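Mapping to the working numbering: the sequence shown position 151 is 1307, numbers consecutive. Think of the CB as a built atom: it goes at the ideal place given N, C-alpha and C, for glycine as much as any other residue. Keep in mind the model is a prediction, meaning the values are calculated, not measured.
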Amino acid sequence: MLDKLKQNKIWLTVIAFGIIIVIILLMMLNQQKQNSPAAQESSYSSSVKASSSSAVDQDKANEKAYAKKAATMKGHVLDGFITSWSKDDFRKWAKEYSSLSDSDKHRVKSNLGTSKTFANNEIAIDYLSNYADSVNQNDFESISYFDTVKEFNKKHPAINPDDLK
């Protein structure tokens, strides 16, 4: 009887060790499964969705803030620059510019009421000529002229009006 009890103890010990080893192996397998690309993809996907949703909400909030700023700002907008010139000022300038000779047009520089100086290239006179032609045709849209910052903001709601120079 004592002999059988010792044999049962040995078998119970072997079985216990076997169960412990199986449990350890299952835990290792589960850990590998969690680190697999498929498992990480779902985690990454949910993270991207949350980030995207947050970015959209932030963009909407920015657009509202930009619209408020634009409504209070004074001046006109020309091609991303605040300009002090009205459409009449541009018409006057375009008329004077168009009356210049080609050699004089090469030397023309103008700020067009902005903080930037616009000038023709020494080889081509297209830059200011395009502005003048558009103004003479009453096509202010092609030169990106807006009567107000608010009007500019309606066309470009994602641009901060403070970034206009």
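Based on the DSSP output, what are the partners of residue i in its beta bridges?
i, result
"S1266", "F1274"
"N1301", "Sequence check: residue 1301 is Tyr here, not Asn. Answer is L1234, bridged to Y1301."
What is the DSSP secondary structure of residue i, counted as helix, strand or coil?
i, result
"F1308", "helix"
"P1313", "coil"
"L1182", "helix"
"S1192", "coil"
"F1173", "helix"
"D1260", "helix"
"K1321", "coil"
"Q1163", "helix"
"D1295", "coil"
Since residue i and residue j should fall inside the 8 Å C-beta cutoff, what is the C-beta to C-beta distance between them, to a whole number of angstroms?
i, j, result
"A1322", "K1265", "Here the chain comprises residues numbered 1157 to 1321, so residue 1322 is not present and cannot be evaluated."
"T1239", "G1269", "4 Å"
"Y1253", "N1316", "Going by Cβ atoms, the distance from Y1253 to N1316 rounds to 32 Å, so no, they are not a contact pair."
"F1296", "S1271", "Between S1271 and F1296 the Cβ distance is about 20 Å, and since that is not below 8 Å, they are no contact."
"Y1283", "N1277", "6 Å"
Quiz item: Taking only runs of the beta strand (DSSP E) that begin and end inside the stretch 1226–1257, which ones reach a length of at least 3 residues, in chain order?
Solution: If only uninterrupted beta strand (DSSP E) runs of at least 3 residues are considered, those enclosed by the stretch 1226–1257 are 1232–1234, 1237–1239.
Quiz item: Hey, is the stretch 1307–1320 in contact with the stretch 1246–1258, meaning 3+ C-beta pairs nearer than 8 Å?
Solution: The stretch 1307–1320, when compared against the stretch 1246–1258, does not touch it at the 8 Å Cβ threshold.
Exercise. Pair every Cβ in the stretch 1287–1305 with every Cβ in the stretch 1228–1242, then say whether three or more of these pairs are closer than 8 Å.
Key: Yes, the stretch 1287–1305 is in contact with the stretch 1228–1242.
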